[in-house]
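*Asks:* Chains as they are written, first to last, in the numbering used here: chain U, 1 to 76; chain F, 1001 to 1362.
Ideal Cβ positions, reconstructed from N, Cα and C, are used throughout, including at glycine.
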Amino acid sequence: MFSKKEEKRAPYTVEQCESCKKETKRKFIVEQCESCKKETKRKFIEGDYIFKETSPCVSCKGQLRITKIFGEIIKT
Amino acid sequence: MGFGDDTNPVLWLIWIIPIIIFVFYGQRIQLQITSSEIKKNITKLQQFKENSRKELINYIKNNLNPPKDPTPKLDRFIDYFTIMPVDMDPGGIIPKVRHVVRSREDNTRAQIKSLFSEISELERTKVQTLLEIVTSLQLLYKIVNHLYLTAKKQNNYPLILPLQMMLPFIMEEANALNEAVPALKQGQPIGDGIGPMVVGKMMLGTKKQKASFETVWSETKYEGRKLFLIKAEGPSATIGRPGEAIDTIVSQNKPDLIIMVDASLKLEGEDSASVSQGFGAAIGGIGTDRFQIEEIATRHNIPVFAIVIKQSVKEAINLMTKEIADRAEEVRTQIYEMINDNTSTGHTVLVVGVGNTLGVSQ
């Protein structure tokens, strides 16, 4: 009942549709200055985590803290 | 003689032969069609299992410098199983379940530590979570393959029907687990981490103390109320032990209200990242923590309120989406509204952020 051909089939490969190929997931973080509350968005770097204190704020020299890390689907 | 003539023996045969074939071989034909689809998914599950195992081994070898090859030991851990206690026990099964699950966790932790001469807590929790993913994928593959091979061996179509019905749900979970591996390796927050993210911000600038294993608490003030905050200790990949932590804080401080914030699986048709309020202990898992929280809340007559952030299985264990991350501020506002509406000045409130705190500090 189960054909020999089916049993010997080549290993399964993940199929991607045309639209999936055109989508990539980018990782971003949002930093907020604790003094002037200014928000900046940049790409995620390994070692980043939410509420980590990063660099001084370019506007007021206050402390920047990561408030969000998220993935966004970018359609290219 | 025409096509409408039902006395024609040739036409009569054209009608009757397929009927005879379907009467005697119908189930086999259906089994053949169904099984080819299932076989495709089994091969996909096998690929997920092998890829995740390979990624775990490569991650350990390339990033954590183990003194010797960890592959044989890891393969043994991946095959570990858990025998749940007998469930007809009227004396109470919860402590037994907790004991079995804790024993497994403690043993896995010790075994992972033994692979390295030195490993940070963050890396140890990441390896432990990755190991759980590989084990889950291996289990899914084994169960699906077993059901498929049994139906094939018995030549039994009805036996394959439950598998065919369940397979889309199994594959959804397997896909989510498979896609969770990169986020875990890089220590990025996952959708389930929204609870700790909300409470973590409320904890900033407060003194953090250990409440229970891998769980921290701190105290703050809000409009004349004393707030106790609990979450798993981030940014490690852990859910902590919220049941024990709540037990400790409630016994010592007798709060007037408990608010639990957690991610929740959305129903089909519900919007992702929508926020809902309700009553009861908002916590997933095997049920031991929920039992403990319900028991202590009942003993002290404390109302338990819940705020949940809805998401799919995939969103819950993959890198947090922007929509979910953007909800954190709204949830925090809802917590403060809930405190204002249900307590008055001088009251004490316990706020618990439930979920995996990977990539979320406090």
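(1) Within 8 Å of any Cβ in chain U, is that where the Cβ of residue 1370 of chain F sits?
(2) Taking Cβ-Cβ distances below 7 Å as the criterion, which residues of the stretch 1177-1192 of chain F are in contact with chain U?
(3) Kindly indicate which residue of F:1248, F:1287, F:1224 and F:1151 has the alpha-carbon position closest to the one of residue 1095 of chain F.
(4) Between which two residues does the alpha helix (DSSP H) harbouring residue 1203 of chain F extend?
(5) So what does DSSP say about residue 1278 of chain F, is it helix, strand or coil?
(6) So within the stretch 1111-1183 of chain F, which uninterrupted beta strand (DSSP E) runs reach at least 3 residues, ignoring any that extend past its ends?
(7) Please decide whether residue 41 of chain U counts as near chain F, where near means a Cβ-Cβ distance under 8 Å.
(8) To the nearest whole angstrom, what separates the beta carbons of residue 1220 of chain F and residue 1206 of chain F, a pair I think is in contact under 8 Å?
(9) When the cut-off is 8 Å and only beta carbons count, does residue 1007 of chain F lie next to chain U?
(10) Alpha carbon to alpha carbon, what distance is there between residue 1343 of chain F and residue 1225 of chain F?
(11) Does any residue of chain U have a CB that is nearer than 8 Å to the CB of residue 1227 of chain F?
(12) Taking C-beta to C-beta, are residue 1366 of chain F and residue 70 of chain U nearer than 8 Å?
(13) Given that residue 1308 of chain F touches chain U, what residues does it touch there, using C-beta distances under 7 Å?
(14) Work out the CA separation of residue 1115 of chain F and residue 1073 of chain F for me, nearest whole Å.
(15) Do we get a CB-CB distance below 8 Å when we pair residue 27 of chain U with the residues of chain F?
(16) Do we get a CB-CB distance below 8 Å when we pair residue 31 of chain U with the residues of chain F?
(17) According to DSSP, which residues form a beta bridge with residue 1227 of chain F?
(18) Taking the Cβ atom as the reference point for each residue, do residue 1291 of chain F and residue 1255 of chain F lie within a distance shorter than 8 Å?
(19) Determine whether the Cβ of residue 1001 of chain F lies closer than 8 Å to any Cβ atom of chain U.
(20) Three-state secondary structure (DSSP) at residue 1303 of chain F?
(21) When you compare the CB positions of residue 1193 of chain F and residue 1350 of chain F, do they come within less than 8 Å of one another, or not?
(22) Would you kindly check if the distance between the Cβ of residue 1163 of chain F and the Cβ of residue 1141 of chain F is under 8 Å?
(23) Strictly under 8 Å for the Cβ-Cβ distance: is residue 1127 of chain F near chain U by that measure?
(24) For residue 1191 of chain F, which three-state DSSP category applies?
(25) Is the distance from the Cβ of residue 1239 of chain F to the Cβ of residue 1320 of chain F below 8 Å?
(26) Could you please tell me which residues of the stretch 1290-1323 of chain F, in chain order, have their CB closer than 8 Å to any CB of chain U?
(27) In chain F, which residues lie with their C-beta within 9 Å of the C-beta of residue 74 of chain U?
(28) What would DSSP say about residue 28 of chain U, mapped onto helix, strand or coil?
(29) I want to verify the contact list: residues of chain F whose CB lies under 7 Å from the CB of residue 68 of chain U, in sequence order.
*Replies:* Looking at the atomic coordinates:
(1) Since the displayed chain F opens at 1001 and closes at 1362, residue 1370 of chain F lies outside it and no answer follows.
(2) 1186, 1187, 1188 and 1189
(3) Along the second sequence, one-based indexing puts residue 1095 of chain F at 95. Per the Cα distances, F:1287.
(4) Counting from 1 along the second sequence, the entry for residue 1203 of chain F is found at position 203. 1194-1203 is the extent of the alpha helix (DSSP H) around residue 1203 of chain F.
(5) The residue you call residue 1278 of chain F lines up with position 278 of the second sequence. DSSP places residue 1278 of chain F in strand when its eight states are reduced to three.
(6) none
(7) Against the first sequence, residue 41 of chain U aligns to sequence position 41. With 8 Å as the cut-off, residue 41 of chain U does not count as an interface residue toward chain F.
(8) For the purposes of this step, residue 1220 of chain F is taken as residue 220 along the second sequence, with counting starting at 1. For the purposes of this step, residue 1206 of chain F is taken as residue 206 along the second sequence, with counting starting at 1. Residue 1220 of chain F to residue 1206 of chain F, Cβ: 5 Å. Contact.
(9) Reading the second sequence from its first residue, position 7 is the one you call residue 1007 of chain F. No - not a single Cβ of chain U is within 8 Å of the one on residue 1007 of chain F.
(10) Counted from its first residue, the second sequence places residue 1225 of chain F at position 225. Counted from its first residue, the second sequence places residue 1343 of chain F at position 343. One C-alpha to the other measures close to 8 Å.
(11) Numbered from 1 along the second sequence, position 227 holds the residue referred to as residue 1227 of chain F. Closer than 8 Å: no.
(12) Chain F is shown from 1001 up to 1362; residue 1366 of chain F falls before or after that span and cannot be answered.
(13) Position 308 of the second sequence, counted from the first residue, corresponds to residue 1308 of chain F. What residue 1308 of chain F touches in chain U: nothing, since even the nearest Cβ is about 19 Å away.
(14) Residue numbering aside, residue 1073 of chain F sits at position 73 when the second sequence is read from its first letter. Residue numbering aside, residue 1115 of chain F sits at position 115 when the second sequence is read from its first letter. Each residue's Cα considered, the two are about 8 Å apart.
(15) Here the question's residue 27 of chain U lines up with position 27 in the first sequence. Yes, its Cβ sits closer than 8 Å to a Cβ of chain F.
(16) The residue labelled residue 31 of chain U in the question sits at position 31 within the first sequence. For residue 31 of chain U, the answer is no, since every Cβ of chain F falls outside 8 Å of its Cβ.
(17) Residue numbering aside, residue 1227 of chain F sits at position 227 when the second sequence is read from its first letter. DSSP lists F:1220 and F:1349 as partners of residue 1227 of chain F.
(18) Taking the first residue of the second sequence as 1, we reach residue 1291 of chain F at position 291. Taking the first residue of the second sequence as 1, we reach residue 1255 of chain F at position 255. Going by C-beta atoms, residue 1291 of chain F is not nearer than 8 Å to residue 1255 of chain F.
(19) Stepping through the second sequence from its first residue, residue 1001 of chain F is reached at position 1. In this prediction, residue 1001 of chain F has a pLDDT of 47, which is less than 50 and means its spatial position is unreliable; nothing more can be read from the coordinates.
(20) Position 303 of the second sequence, counting from 1, holds the residue named residue 1303 of chain F. Three-state DSSP puts residue 1303 of chain F in coil, outside helix and strand.
(21) As a first step, residue 1193 of chain F is located in the second sequence; it is residue number 193 there, counting from the start. As a first step, residue 1350 of chain F is located in the second sequence; it is residue number 350 there, counting from the start. Not closer than 8 Å, so no.
(22) Within the second sequence, the letter at position 141 stands for residue 1141 of chain F. Within the second sequence, the letter at position 163 stands for residue 1163 of chain F. Their beta carbons are not under 8 Å apart, which means residue 1141 of chain F does not touch residue 1163 of chain F by this criterion.
(23) Numbered from 1 along the second sequence, position 127 holds the residue referred to as residue 1127 of chain F. Judged by the 8 Å Cβ criterion, residue 1127 of chain F is not in contact with chain U.
(24) Residue numbering aside, residue 1191 of chain F sits at position 191 when the second sequence is read from its first letter. Reduced to three states, the DSSP call for residue 1191 of chain F is helix.
(25) Sequence index remark: in the second sequence, residue 1239 of chain F carries index 239 (1-based). Sequence index remark: in the second sequence, residue 1320 of chain F carries index 320 (1-based). Cβ distance not < 8 Å, so residue 1239 of chain F and residue 1320 of chain F don't count as in contact.
(26) 1318, 1319, 1320, 1321 and 1322
(27) In the first sequence, counting from the first residue as 1, residue 74 of chain U sits at position 74. In chain order: nothing, as chain F lies at least about 11 Å away.
(28) By 1-based counting over the first sequence, the position of residue 28 of chain U is 28. In this structure, residue 28 of chain U counts as strand in the three-state DSSP scheme.
(29) Taking the first residue of the first sequence as 1, we reach residue 68 of chain U at position 68. Those within 7 Å of residue 68 of chain U in chain F are 1325.
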